[in-house]
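Worksheet for the structure shown next.
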Amino acid sequence: MMIQVLKSKIHNVKITFTELNYIGSITIDADLLDAANMIENEKVLVVNNTNGERLETYVIVGARGSGIVGLNGAAARKGMIGDELIIISFATMDFEEAKVHKPWLVFPNAFNKL
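Our numbering applies: residue 323 is where the sequence shown begins, and numbers increase by one.
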């Protein structure tokens with residue numbers, strides 16, 4: 323049996339920009355992605371703790387060390403600068419493997435830095 327489990331989570335980052343006139347996605351500082359073991363184009367669930375919105379999109383790599391977290395395209399309507407987000411990715415794995423799997427959990431500071 324295969325199940326989906328938490329693979330990675332970036333907890334409580336703040337939106338630093340929104341760009342409505344873009345084709346879509348979320349831009350995330352490369353340092354945060356590395357720490358969370360996430361990659362460009364990976365599907366993510368984005369939870370906005372400030373307003374309760376949720377959306378699925380894909381990752382675009384942002385400038386390393388910038389602290390950037392931006393909602394692009396239609397996603398830009400789901401949050402405002404300063405809103406707190408949780409960014410989550412999942413993995414599909416065998417049930418027994420999932421029992422011992424340890425997700426990557428990242429808790430950045432108030433400036434979206436490690």
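C-beta atoms are modelled at their ideal positions from N, C-alpha and C, and glycine is treated no differently.
Classify Asp351 as helix, strand or coil using the three-state DSSP reduction. strand
Which one of Ile403, Ala397, Ala398 has the shortest CA to CA distance from Ile337? Ile403
Going by the DSSP bridge assignment, what does Ser330 pair with across the sheet? Ser411, Trp426
Environment of Val335 [buried if 16+ CB atoms lie within 10 Å]: buried
Close beta carbons around Val383, own chain, < 6 Å, minus the five adjacent residues each side: Ala352, Glu362
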